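S.K.: Mind looking over this structure? Questions follow.
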Amino acid sequence: MTLSVDPDQYLPISHTVGMRIVIHDPSDEPDPEDKGITIAASYETHISLKQTIMHRIPAPYKDKCVFYGNKEKYLVKSRTHCMQACIQEYNFARCGCSEPSFWTMLEYKQCDTTNSTEMDCLDRVMKDLSVYGTNCHLRH
173 MTLSVDPDQY
183 LPISHTVGMR
193 IVIHDPSDEP
203 DPEDKGITIA
213 ASYETHISLK
223 QTIMHRIPAP
233 YKDKCVFYGN
243 KEKYLVKSRT
253 HCMQACIQEY
263 NFARCGCSEP
273 SFWTMLEYKQ
283 CDTTNSTEMD
293 CLDRVMKDLS
303 VYGTNCHLRH
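Residue numbers for the sequence shown follow our numbering, beginning at 173 and rising by one.
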């Protein structure tokens with residue numbers, strides 16, 4: 173595959189010239205920010221692929237994000253969405269608002285990034301979740 177890049181079309185604030193690509197299952201929503209590969213301009217890039225299929229068992233095992241396979245029925249379409257929705261439930265329960273950069277399937281009020289109290293609360297939630305883990309019981 174050959175990709176064409178025109179540096180003149182980039183914004184002056186761009187620090188690199190290139191592309192970000194995502195190789196994903198056709199039924200999955202692409203997530204270039206978290207799962208993308210940056211391809212630099214003027215270089216040849218080789219990528220090899222190996223498919224891995226995981227079958228998750230239901231709760232109480234692992235992350236309890238197991239019902240996201242049926243794309244038509246459920247709003248949560250991936251494990252990432254499921255975990256972000258779970259974290260948003262914790263954020264809203266503890267802080268009264270949700271992390272603005274995370275996906276959520278509910279209409280939670282977003283935390284104000286200029287409000288130090290709300291941002292400190294989100295930081296404490298993330299710290300607690302990293303230490304104690306999650307207990308997601310999402311109803312997709």
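For glycine and all other residues, C-beta sits at the position ideal for the given N, C-alpha and C. These figures come from a predicted structure and were not determined experimentally.
Could you check if I259 is buried or exposed, using at least 16 other CB atoms within 10 Å of its CB as the buried criterion?
M.R.: Buried, by the Cβ-count rule.
S.K.: Taking the alpha-carbon positions, what's the P179 to I185 distance?
M.R.: The alpha-carbon atoms of P179 and I185 are separated by roughly 12 Å.
S.K.: So what does DSSP say about A212, is it helix, strand or coil?
M.R.: Here A212 sits in strand by DSSP.
S.K.: Does DSSP put S302 in a helix, a strand or coil?
M.R.: Here S302 sits in helix by DSSP.
S.K.: Expressed to the nearest angstrom, what Euclidean distance is found between the alpha-carbon atoms of M298 and M191?
M.R.: Looking at the two C-alpha atoms, the distance is approximately 31 Å.
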